[in-house]
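Read through the structure below, which is laid out as structure tokens, and then see the notes.
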Ligand code: AMP
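In this note's numbering, the protein residues as written are 3 to 412.
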């Protein structure tokens, strides 16, 4: 199928051709015709599948016809809620790209930056608003946002929105919108709480699923390294020197871990940048910009900070710490292998993380390939012996010999 076969107007098709989008991705092919029929949808698709255009294109198409008559009326007609600022900026950018040959006015509002410029833009009138929940509520309280005329409400990355504790904000915002509207819920995973949210806020939605297997297996190689916790940095440096090239995102569980690894990699001469929740918005933007324009080739991030960020040519992902939520693994490795490109994901598992691997493999419904031929293998800890009396020399030889005999225990 080609984009030209979808009922999209010429202005949109022209912008898509310029972006060299010719064929819709699977989620676009499935979702666009349904959304154009003004049906509610629940779409299970992660970032990297082309989901932003899957909701942006039909929204632009629907508003395009009305743009001249309603343009000067300062009504927000479509609202996209995003859990993070970075994702909001990215969605805004995508809408602007796809709608550049229309007169539609698109803007994003999010926290961490001054309110005033956002108020100014809203005053002039906006057709499509992208917002993080907290900032939207602030602006609404101050009388800068009117949602009564909304036609389309999009909840993007809904699972992350709930994980980040935005459920009450989302419900409040939903109440500010008219009852009669189209609601589009996009979520990487559909846990029970998303089903509940969909049941209470959507009207007989059509369900579209792009499964994690489809989204991850085709283009992304997945490799697993069992490694002692204390050797993870050594293994990371070893892989960066010998195996991994190009643009790399490294995930760590904590902000402290991100900062520590950044210092180590900088000392070793790598061009590194990082993002996590303790950094100011301008530092986060700068880090992403540096990573995009290749001033930095390695980005170290926590999950929430990196979620949804679209950088097309990421060659590899390193899961320096394994996530305790299996779905997070799918989100992380989805940073690579995007838009049909290939990518590779390296996961480090220390002794205390083996249960996470089990959960991830259950979700993927297949094992991840284990790399045993590496310099820092994890071996089963021995029970403590009597005080060690073996000479240094002997000890070395013994451990060499026993290494060969040692069997995998994980
Ligand atoms: P998303 O899942 O929305 O974050 O999109 C992932 C990436 O795929 C973005 O860089 C998009 O610009 C790109 N993309 C989306 N749809 C298409 C398409 N039909 N053809 C080529 N690239 C696309």
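We put the beta carbon where it would ideally sit given N, CA and C, even for glycine.
In this text, all values refer to a predicted model and were calculated from it rather than measured experimentally.
Among the options, whose alpha-carbon lies nearest the alpha-carbon of residue i?
| i | options | result |
| --- | --- | --- |
| residue 172 | 28, 300, 135 and 238 | 135 |
| residue 337 | 208, 190, 197 and 377 | 190 |
| residue 324 | 86, 304, 208 and 312 | 304 |
| residue 91 | 328, 362 and 311 | 311 |
| residue 185 | 105, 308, 142 and 39 | 39 |
| residue 198 | 44, 372, 359 and 142 | 44 |
| residue 31 | 49, 57 and 22 | 57 |
| residue 257 | 335, 78, 167 and 306 | 306 |
| residue 142 | 367, 112, 375 and 194 | 112 |
| residue 28 | 283, 51, 7 and 42 | 51 |
| residue 252 | 116, 283, 334 and 290 | 334 |
| residue 450 | 110, 116, 365 and 373 | Absent from the structure is residue 450, since the part of the chain shown begins at 3 and ends at 412. |
| residue 81 | 19, 150, 289 and 270 | 150 |
| residue 358 | 302, 329 and 182 | 329 |
Confirm, please, whether the CB-CB distance from residue j to residue i is below 8 angstroms.
| i | j | result |
| --- | --- | --- |
| residue 300 | residue 343 | no |
| residue 318 | residue 210 | no |
| residue 108 | residue 94 | yes |
| residue 11 | residue 66 | yes |
| residue 36 | residue 208 | yes |
| residue 196 | residue 164 | yes |
| residue 17 | residue 86 | no |
| residue 146 | residue 121 | yes |
| residue 221 | residue 345 | yes |
| residue 313 | residue 293 | yes |
| residue 79 | residue 148 | no |
| residue 154 | residue 176 | no |
| residue 212 | residue 46 | yes |
| residue 180 | residue 152 | yes |
| residue 62 | residue 101 | yes |
| residue 4 | residue 24 | yes |
| residue 363 | residue 370 | yes |
| residue 42 | residue 205 | yes |
| residue 276 | residue 302 | yes |
Can you find a C-beta in chain B that's less than 8 angstroms from the C-beta of residue i?
| i | result |
| --- | --- |
| residue 121 | Among the protein chains of the structure shown there is no chain B, as only one such chain exists. |
Exercise. Taking three-plus beta-carbon pairs below 8 angstroms as touching, is the stretch 348-356 in contact with the stretch 223-243?
Worked result: The stretch 348-356 vs the stretch 223-243: in contact.
Check whether the stretch 154-174 touches the stretch 116-136, taking contact to mean three or more Cβ pairs, one atom from each stretch, closer than 8 angstroms.
-> The stretch 154-174 is in contact with the stretch 116-136.
Exercise for review: Let me know the alpha helix (DSSP H) ranges lying completely inside the stretch 124-153, each 4 residues or longer, listed in chain order.
Suggested key: Here the runs fully enclosed are 135-143.
Practice item. Would you check if there are 3 or more beta carbon pairs closer than 8 angstroms linking the stretch 261-275 to the stretch 233-248? Key: Flag = yes, the stretch 261-275 and the stretch 233-248 touch.
| query | In chain order, which continuous runs of the beta strand (DSSP E) of length 3 or greater are located wholly inside the stretch 36-66? | reply | The DSSP assignment places complete beta strand (DSSP E) segments of no fewer than 3 residues inside the stretch 36-66 at 43-46, in order along the chain.
| message | Quick check for students: name the residue ranges of the alpha helix (DSSP H) that lie wholly in the stretch 299-375, counting only runs of 4 or more. | response | 305-308, 328-335 and 356-366, all fully within the stretch 299-375.
Those runs of the beta strand (DSSP E) which lie wholly inside the stretch 160-223 and span at least 3 residues = The stretch 160-223 contains, as complete beta strand (DSSP E) runs of 3+ residues, the segments 184-189 and 208-211 (chain order).
- request: Write down every uninterrupted run of the alpha helix (DSSP H) in the stretch 88-125 whose length is 4 residues or greater and which is fully enclosed by it, in chain order.
  value: Within the stretch 88-125, no complete alpha helix (DSSP H) run reaches 4 residues.
Q) Can you list the alpha helix (DSSP H) stretches of 4 or more residues lying completely in the stretch 226-272, in chain order? A) Within the stretch 226-272, the complete alpha helix (DSSP H) runs of at least 4 residues are 234-244 and 257-269.
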